[in-house]
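Down below is the structure, laid out as structure tokens.
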């Protein structure tokens, strides 16, 4: 397994951020990957690539397919968690009220405010658009979504009133603030007195041959694109409209995972993006996402197991929504993410399989 900090400006990466688009990011990755394969003699291997959020993996995978270089090996599959597949209008504004409605007891809004945002969702066209186009199979190509709903921040800002510790990365978060050795998950940089971020410990940096005295963060606060603008996103070249269908058609398995309690990338927005995407001859899923995603128990009972969400596989694409899970799926539901990895690698035939894990975690 290889962990890559990319683009420049993230993690332990060194250098000056000088990319302007997802294509630039992919080209830089290809340069690194060629050198890596040659240095370690990995020519001709099968490999998969995974990522959380953003648009990087689809464009990197597309560049690898374009290279068509057997020395680089064969791209076998991709897995992307809570990805950016469409515009903010769809990804956030269109589904903000529906997400609130699903989890209304966690928001605890007063009746007056709840009624006002319900009226706003209906009057701006969000409710009707969702009812018409979030169907299985889809009715056909979708027109532009309503763009004047302005609900996402309205709901998010008001969520802090009854719950000062509310967190868009996991909308069930409450006080007190928790912390993690990676400094996340969460929207707050909270570090208790005496605690230290794991990858900022000098002995850890030395042990993994990372740049010494670097300041590592799970999410960088510095721009990774010139002028803090991704020209790919600015041009509306979302992967669901451009490269993702081709990738699905050319790999063995493509998985899109989603945390059901994510308020940064709203779950049904991801589904709507799939329903407006054509791959392997048809648009969207032809049947509802009603498969039961099963996670086997591990020997230590250290993470969630049982029926842990819903899933659907059609024509080489698998979608899985993970129960009780926020934005960073492997961090919030590690056993579920491990099962996804087993499926990606072909160790289990389906995410509905109730077979045990192919390997057990170490105690």
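Numbering (our numbering), first residue to last: 176 to 538.
Yeah, the Cβ is synthetic: ideal placement off N, Cα and C, and Gly gets one too.
So for residue i, helix, strand or coil by DSSP?
i	result
residue 495	strand
residue 421	helix
residue 240	helix
residue 488	strand
residue 220	coil
residue 335	coil
residue 206	helix
residue 467	strand
residue 248	coil
residue 457	strand
residue 176	coil
residue 515	helix
residue 320	coil
residue 399	coil
residue 271	helix
residue 502	coil
Just to confirm, is the Cβ distance from residue i to residue j under 8 Å?
i	j	result
residue 457	residue 490	yes
residue 428	residue 493	yes
residue 192	residue 183	yes
residue 260	residue 413	yes
residue 495	residue 484	yes
residue 467	residue 527	yes
residue 520	residue 223	yes
residue 186	residue 391	yes
residue 284	residue 352	no
residue 424	residue 384	no
residue 462	residue 254	no
residue 418	residue 233	yes
residue 506	residue 313	no
residue 511	residue 497	yes
residue 415	residue 382	no
Out of the options, which one is the CA nearest neighbour of residue i?
i	options	result
residue 256	299, 434, 186	434
residue 239	413, 270, 422	422
residue 509	399, 449, 476, 384	476
residue 244	261, 258, 218	218
residue 211	190, 314, 248	248
residue 356	373, 369, 311, 299	373
residue 460	304, 470, 445, 379	445
residue 301	267, 311, 188	267
residue 188	281, 250, 203, 195	203
residue 403	197, 179, 310	197
residue 322	358, 269, 387, 339	269
residue 405	416, 194, 181	194
residue 180	386, 448, 535, 282	386
residue 220	347, 246, 208	246
residue 347	398, 279, 381, 382	279
residue 478	263, 535, 209	535
residue 430	208, 525, 178, 364	525
residue 262	513, 420, 407	407
Measuring straight from C-alpha to C-alpha, what distance separates residue i and residue j?
i	j	result
residue 287	residue 366	37 Å
residue 206	residue 443	36 Å
residue 349	residue 394	22 Å
residue 299	residue 265	13 Å
residue 134	residue 370	Since the first residue of the chain shown is 176 and the last is 538, residue 134 is not available in this structure.
residue 411	residue 317	15 Å
residue 236	residue 377	34 Å
residue 389	residue 409	32 Å
residue 213	residue 379	27 Å
residue 315	residue 309	11 Å
residue 319	residue 472	44 Å
residue 176	residue 426	19 Å
residue 304	residue 291	19 Å
residue 359	residue 337	23 Å
residue 465	residue 375	43 Å
residue 330	residue 252	37 Å
residue 401	residue 231	16 Å
residue 282	residue 441	15 Å
residue 215	residue 396	33 Å
residue 432	residue 368	35 Å
residue 399	residue 250	26 Å
residue 122	residue 208	Coverage of the chain is limited to positions 176 through 538, which leaves residue 122 absent and any answer about it impossible.
residue 420	residue 307	23 Å
residue 289	residue 469	35 Å
Are three or more beta carbon pairs between the segment 271 to 278 and the segment 221 to 240 nearer than 8 Å? no
Decide if the segment 437 to 447 is in contact with the segment 337 to 344; the criterion is three or more beta carbon pairs, one per stretch, under 8 Å apart. yes
Should the segment 224 to 231 be called in touch with the segment 498 to 515, which here means at least 3 C-beta pairs below 8 Å? yes
Whether or not the segment 325 to 334 and the segment 281 to 297 are in contact is what I'm after, with contact meaning three or more pairs of Cβ atoms, one per stretch, closer than 8 Å; do they touch? yes
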